[in-house]
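Engineer: The working numbering puts the first residue of the sequence shown at 3, with every later residue one more than the last.
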Amino acid sequence: MATNIESYTHRIGRTGRAGKSGVAITFLGPEDSDLMYDMKQILTKSSISKVPEELRRHEAAQQRPQKGYSKKSSDR
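1) Any idea if residue 42 is buried or exposed, counting beta-carbon neighbours within 10 angstroms, 16 or more meaning buried?
2) Taking just the CA atoms, how far does residue 7 sit from residue 49?
3) Going straight from the alpha carbon of residue 14 to that of residue 45, what length do you get?
4) Leaving out five residues before and five after residue 77 in sequence, what residues of the same chain have Cβ atoms less than 7 Å from its Cβ?
5) Among 36, 25, 17, which one has its Cα closest to the Cα of residue 60?
6) Cutting at 6 Å between CB atoms, please list the residues of its own chain near residue 51, excluding the five before and the five after it.
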């Protein structure tokens, strides 16, 4: 998973190029909990994406992380 939502959005946007469709599959682990809320928000706003039930119900996706949480230092 990317270290921030902007990088994630850019990456999945590259799955479909030149007007062609594509599929993006993302695996999240406990180390990605600080991004789950933002991911849920982006998927909710999308007209073509679905929020997986597991993400919709995940505790970390219910509210934005507190200020001062540690961010990952490198983009995977």
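Quick reminder that beta carbons are idealized off the backbone N, C-alpha and C, glycines included.
Since the model is a prediction, treat every value here as computed from it, not as a measurement.
Structural biologist: Looking at the coordinates:
1) buried
2) 18 Å
3) 12 Å
4) The predicted model places residue 77 with a pLDDT of 49, which falls under 50 and marks its position as unreliable; any figure quoted below should be read in that light. 4, 5, 9.
5) 36
6) 45
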